[in-house]
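The listed protein sequences derive, respectively, from chains R and X.
Under this note's numbering, the first residue of the first sequence is numbered 624, with each subsequent residue one higher.
Under this note's numbering, the first residue of the second sequence is numbered 3, with each subsequent residue one higher.
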Amino acid sequence: MTAIPDTATLPRDRLSRARSLHWVLAGGLALACIASLQIGATDVTLFAMLAKLAQGEPLSHMERVVLFDIRLPRLAMGVLVGAALAVSGAAMQGLFRNPLADPGIVGVGAGAGLGAILAIVLGTLLPVWMIDRIGNQMVPVAAFLGGWGSTILLYRVSTRQGQTSVATMLLAGIALGALAGALSGILVYIADDQQLRDLTFWGLGSLAGASWAKVLSAGPLILLSIGGALMLGRGLNGLALGEATAAHIGIHVQRLKSVAILAVAGATGAAVAVSGGIGFIGIVVPHLLRLASGPDHRTLLLNSALLGATLLILADVIARVVIAPAELPIGIVTAVLGAPVFLWILLRRRGLVEP
Amino acid sequence: MSLFAQDIRVSYGTRKALRGVSLSALPGEVTAIVGPNGSGKSTLLGAITATLPYQGRVLLNGRDIRDLPPWELAAQRAVLPQASRLAFPFTVLEVVRLGLQSGTAGNRPDVPMQALARVGLAQYADRTFQDLSGGEAQRVMLARVLAQVWAPVEGGQPRWLLLDEPVSSLDIAHQLQVMEIARQFARAGGGVIAVMHDLNLTALYADRVAVLAEGARLAFGAPGAVLTDDILSRAYRCALRVSAPPPSGIPYILPHAASA
């Protein structure tokens, strides 16, 4: 029998590194939040307001509006959406067993978008009492249902005997995205002017429409989905060995898959419903974290939530200042930063992707 | 306490892969399943491990495996698949630790390193699993499986190693190493069922052999009684000669001795 080397310095380190990363990333998120409240189109800044408060001066009406009605809801939505996109990316990659599965890339985002557009355009046809009862939640829930249906369909198409084919998944995602896009296009033609305006803003992928109402409509579903996803760490680790082996080591695979699909659809759907198509957060964030601290989903999911929120807030700050006083849709910022990273993953993908 | 498979039937579409095969394996023994390609060996193991839908019953330590939730099954038996692919760049040690998910060895953090040492790969602990050769990967997976059921007897009940062609991608030294590990697990009170291709290794290490052909059980018994000219020639549809020189009397089959 060979001698057993000292294990204290071996990969256990990766796990403790990933655990300390929780705190680093939480600190980074706090700093990003401060930056987001500080910087904006007006010269109202957080520090100036805090200095005023410290001297006992009341805030002006404008300052209160900027802080409480514009920047805070936008910040809250940025945190929720960023965390939702990154976690649903990480969970979907774990479920599909490959690092290229991102809800935005494989058509789940488009499916959720179709649901959202259906709700925006056809929602007015519902009876009034129903709109009164569920009006606020209608778009996120419809987006969730659209994302749920497309995730299940995608999994069915691309998985044979417990193994997922990357090529089939990506191709099926293209087909699914095209179909959802075409159906969405038809709906755009029958939309009236007001709906069209809603759709245009929404489709650009932006946090600009942030309001407390939107935060309240998407927040519960996002938090629920992230909470559900955070419980999947062990299961997704086991699933990396394939479905059959995951079952052999004691994982309830069917339940794991159901919860993962629900969490991905819920987080993606709610995020898409309030912010449109913001891409690449879901693929870039988990990938960077895997490079930094390994693929262990027990830490990857929470770290993805923290880093996703941070990056989206920072991207939003960039979107607000780069052509101020106008602002870029944030989807453009994340695409410009994220697409090259995606290509870079493809270049170095040896060892990362199941053949 | 044993592992019984009763009248197992499996169909792939219209093709009947298993036509009512029974098998009983005892703790303390290595039970081998042999047979030609397509005879249903791996399918039988797939039923015993609840990987495939099947008709019939499988009793593990007296309980129908259909009544046991995955984590209870995982605490009683570990399964080595024929080939393993891994989706993310986990290290070797992290892969072996996955075996602890539900096994009762979960509270013993030293087990994964011991299991790696057992297969001679302790120095590979921090390598990336995906960079290993096929044979090394197979041994790491064996270490993962061993870690899952590290103690061959737990709470008075035997635990089981279910191995699907455990030596298929190994050189001869590691074939012997792996079969020795299986034998020692059995000698310590655990049970082993292995699907085997190599008849000589089967003769050397198995205590009981089931010979399958065309989805049915052709013979079942001690190697000396089952690995005979007649049975093997019928199973493999090829005239085979078995030699069993004294004093050991362990049969061996040389391709040289086969005549068409």
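Glycine included, each C-beta is placed from N, C-alpha and C at the ideal position.
Residue interval of the beta strand (DSSP E) (run including residue i)
i: V23 (chain X); result: 17–27
i: G223 (chain X); result: 218–223
i: L749 (chain R); result: Run containing L749 (chain R): none; DSSP gives neither H nor E here.
i: R11 (chain X); result: 5–14
i: W162 (chain X); result: 162–166
i: Q116 (chain X); result: Run containing Q116 (chain X): none in the beta strand (DSSP E); it sits in the alpha helix (DSSP H), 113–120.
i: A212 (chain X); result: 210–215
i: T33 (chain X); result: 32–36
i: Q57 (chain X); result: 57–62
i: A85 (chain X); result: Neither: A85 (chain X) is in no beta strand (DSSP E) and is coded neither H nor E.
Expected contact under 8 Å - CB spacing of residue i and residue j to nearest Å
i: A890 (chain R); j: V710 (chain R); result: 6 Å
i: M700 (chain R); j: K880 (chain R); result: Actually they are not in contact, since the Cβ atoms of M700 (chain R) and K880 (chain R) sit about 30 Å apart, beyond 8 Å.
i: A212 (chain X); j: P225 (chain X); result: Contact doesn't hold; Cβ gap of about 11 Å is too wide.
i: L648 (chain R); j: T933 (chain R); result: 7 Å
i: W771 (chain R); j: L885 (chain R); result: 7 Å
i: T45 (chain X); j: L20 (chain X); result: 5 Å
i: S829 (chain R); j: G736 (chain R); result: S829 (chain R) to G736 (chain R), Cβ: 14 Å. No contact.
i: L214 (chain X); j: I35 (chain X); result: 6 Å
Status (buried if at least 16 other CB within 10 Å, exposed otherwise) for residue i
i: W162 (chain X); result: buried
i: Y812 (chain R); result: exposed
i: M3 (chain X); result: exposed
i: A664 (chain R); result: exposed
i: Q150 (chain X); result: buried
i: Y14 (chain X); result: exposed
i: S1013 (chain R); result: No statement about residue 1013 (chain R) is possible, as the shown extent of chain R runs from 624 to 978 and does not include it.
i: T823 (chain R); result: exposed
i: L929 (chain R); result: buried
i: P55 (chain X); result: exposed
i: F187 (chain X); result: buried
i: M715 (chain R); result: buried
i: A175 (chain X); result: exposed
i: R219 (chain X); result: buried
i: N721 (chain R); result: buried
i: I233 (chain X); result: buried
i: F670 (chain R); result: exposed
i: R783 (chain R); result: exposed
Residue i, enclosing alpha helix (DSSP H) - first and last residue
i: W620 (chain R); result: There is no way to answer for residue 620 (chain R), as the model of chain R reaches only from 624 to 978.
i: I174 (chain X); result: 174–189
i: R243 (chain X); result: Segment: none, R243 (chain X) is in no alpha helix (DSSP H) and carries neither H nor E.
i: S881 (chain R); result: 876–898
i: V98 (chain X); result: 94–100
i: G712 (chain R); result: 695–719
i: L201 (chain X); result: 201–207
i: A852 (chain R); result: 835–853
i: A674 (chain R); result: 669–677
i: G193 (chain X); result: Counting along the chain, G193 (chain X) falls outside any alpha helix (DSSP H), though it belongs to the beta strand (DSSP E) covering 193–197.
i: W1 (chain X); result: In the structure as shown, chain X starts at 3 and stops at 262, and residue 1 (chain X) therefore has no counterpart that could be examined.
Distance between residue j and residue i (C-alpha atoms, nearest Å)
i: A89 (chain X); j: T774 (chain R); result: 19 Å
i: A833 (chain R); j: A863 (chain R); result: 38 Å
i: P978 (chain R); j: R87 (chain X); result: Any reading at P978 (chain R) is ruled out, since the residue's pLDDT is 41, under 50, leaving its predicted position unreliable.
i: R243 (chain X); j: L164 (chain X); result: 29 Å
i: S250 (chain X); j: L206 (chain X); result: 10 Å
i: R17 (chain X); j: R11 (chain X); result: 11 Å
i: R185 (chain X); j: R239 (chain X); result: 30 Å
i: P628 (chain R); j: L690 (chain R); result: Low local confidence applies: a pLDDT of 47 at P628 (chain R) is under 50, so the model's placement there is unreliable, with the coordinate-based value given in what follows. If I take the Cα positions, the gap works out to 57 Å.
i: V280 (chain X); j: R637 (chain R); result: This structure gives no information on residue 280 (chain X), because the portion of chain X shown stretches from 3 to 262.
i: L100 (chain X); j: G800 (chain R); result: 35 Å
i: P963 (chain R); j: L969 (chain R); result: 10 Å
i: L810 (chain R); j: Q661 (chain R); result: 40 Å
i: L951 (chain R); j: L794 (chain R); result: 31 Å
i: L802 (chain R); j: T204 (chain X); result: 55 Å
i: V98 (chain X); j: G861 (chain R); result: 11 Å
i: A677 (chain R); j: P948 (chain R); result: 29 Å
i: R59 (chain X); j: I50 (chain X); result: 9 Å
i: A76 (chain X); j: S788 (chain R); result: 27 Å
i: V23 (chain X); j: Q78 (chain X); result: 23 Å
i: A653 (chain R); j: P72 (chain X); result: 41 Å
i: E167 (chain X); j: V142 (chain X); result: 15 Å
i: A655 (chain R); j: I936 (chain R); result: 7 Å
i: P29 (chain X); j: A119 (chain X); result: 24 Å
Near the ligand MG: residue i beta-carbon under 6 Å from a heavy atom
i: V155 (chain X); result: No copy of the ligand MG appears in this structure; indeed no ligand is present at all.
Original post:
Between the stretch 911–926 of chain R and the stretch 872–886 of chain R, do three or more beta carbon pairs fall short of 8 Å?
Top reply: no
Three or more beta-carbon pairs under 8 Å between the stretch 48–65 of chain X and the stretch 125–134 of chain X, yes or no?
no
Pairs of beta-carbons, one from the stretch 187–199 of chain X and one from the stretch 115–131 of chain X, closer than 8 Å: are there three or more?
no
Is it true that the stretch 702–709 of chain R meets the stretch 893–909 of chain R, where meeting means three or more beta-carbon pairs spaced less than 8 Å apart?
yes
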